[in-house]
Amino acid sequence: MAYTEEELRAASEQAGLPFTYLHRLMAAERDVQDPDYGNTLARQLTVVFDHYAAKCLAAPDPIAALREFGFEESADVLDKR
534 MAYTEEELRA ASEQAGLPFT YLHRLMAAER DVQDPDYGNT LARQLTVVFD
584 HYAAKCLAAP DPIAALREFG FEESADVLDK R
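In this note's numbering, each residue carries its 1-based index in the sequence shown increased by 533.
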């Protein structure tokens, strides 16, 4: 489902989500290599995962943030460094 830039910006402001996040979700719906939208959910979940992983890594305590979101193995790897 395609939205105009204005609709995405309004949704971004209303939901408190970054515009670029919503834009990436919308872009994941459109793929000329996948005209039947068979992998749309997988692409959108990748966007969601990337968003939360980036939020965790940008937190003041990235290891604690990763653990909070359930990324235990990633937190363990970072904790050993």
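For each residue, glycine too, the CB sits at the ideal point set by N, CA and C.
On a predicted model such as this, the values are computed, not experimentally measured, just so you know.
Asked	Found
Burial state of residue 578 (16 or more Cβ within 10 Å)	exposed
Residue closest to residue 580, alpha-carbon to alpha-carbon, out of 610, 592, 542, 552	552
Helix, strand or coil at residue 555 according to DSSP, with G and I counted as helix	helix
C-beta atoms of residue 596 and residue 608 nearer than 9 Å	yes
Residue 566 (DSSP reduced to helix, strand or coil)	coil
Per-residue DSSP class, three states only, for residue 609	helix
N- and C-terminal bounds of the alpha helix (DSSP H) containing residue 573	573 to 591
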